[in-house]
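Asks: Residue numbers (the working numbering): 5 to 134. Built from N, CA and C at the ideal position, the CB exists for glycine as well.
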Amino acid sequence: MAAALLFTHFSTLGTLDLPLWARVPLGVAAGFGIGVVAAIMGVAGGELLIPTIMLLFGQNIKTAGSLSLLVSLSAMLEAFARYSRDGSFAVLGANRRFALVMVAGSIAGAVLGGCCSACSRTWSSSPRWP
Numbered sequence: 005m006a007a008a009l010l011f012t013h014f015s016t017l018g019t020l021d022l023p024l025w026a027r028v029p030l031g032v033a034a035g036f037g038i039g040v041v042a043a044i045m046g047v048a049g050g051e052l053l054i055p056t057i058m059l060l061f062g063q064n065i066k067t068a069g070s071l072s073l074l075v076s077l078s079a080m081l082e083a084f085a086r087y088s089r090d091g092s093f094a095v096l097g098a099n100r101r102f103a104l105v106m107v108a109g110s111i112a113g114a115v116l117g118g119c120c121s122a123c124s125r126t127w128s129s130s131p132r133w134p
């Protein structure tokens, strides 16, 4: 996937030129495979979902990222419910300070990233931008 995405960075490579009847089963199969790999690795799967959405369905990076979050939401909710039932979150109590620092850093990073994104749109749409 990385090679295909790198190739598309330097040239134009559209989506796989497949009819819809072939793309839908491929999407379902890819989703199943990504779900299995993500469950084994203990991640949400965005690192695999985003390139698949971009290459198989031809979506841009922002749409692919948003769709990845939407798809991953159900997996995250299921994992949250499962971990809550078996007491896996008890470790957070022992590491409360570390968890709070990570949460604060994550929120600050999200806010800063949103501000940078808004600034870059403003700069790129300005007539003075080269």
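#1: Measuring only the C-alpha atoms, how far is Asp90 from Leu71?
#2: By the three-class DSSP mapping on this structure, what secondary structure does Leu71 have?
#3: Is it right to say Leu154 is buried, meaning 16 or more other beta carbons lie within 10 angstroms of its own, or is it exposed?
#4: Under three-state DSSP, which class holds Val47?
#5: Name the two residues that bound the continuous alpha helix (DSSP H) containing Leu96.
#6: Buried or exposed for Ala33, please, with buried defined as at least 16 other CB atoms from any protein chain shown within 10 angstroms of its CB.
#7: I'd like to know if the segment 73 to 90 and the segment 48 to 64 are in contact, where contact means that at least 3 CB-CB pairs between them fall below 8 Å.
#8: For Leu59, name the three-state secondary structure that DSSP assigns.
#9: According to DSSP, is Gly117 helix, strand or coil?
Replies: In short:
#1: 30 Å
#2: helix
#3: The structure shown does not extend to residue 154, since the chain is modelled only from 5 to 134, so the question has no answer here.
#4: coil
#5: 94 to 98
#6: exposed
#7: yes
#8: helix
#9: helix
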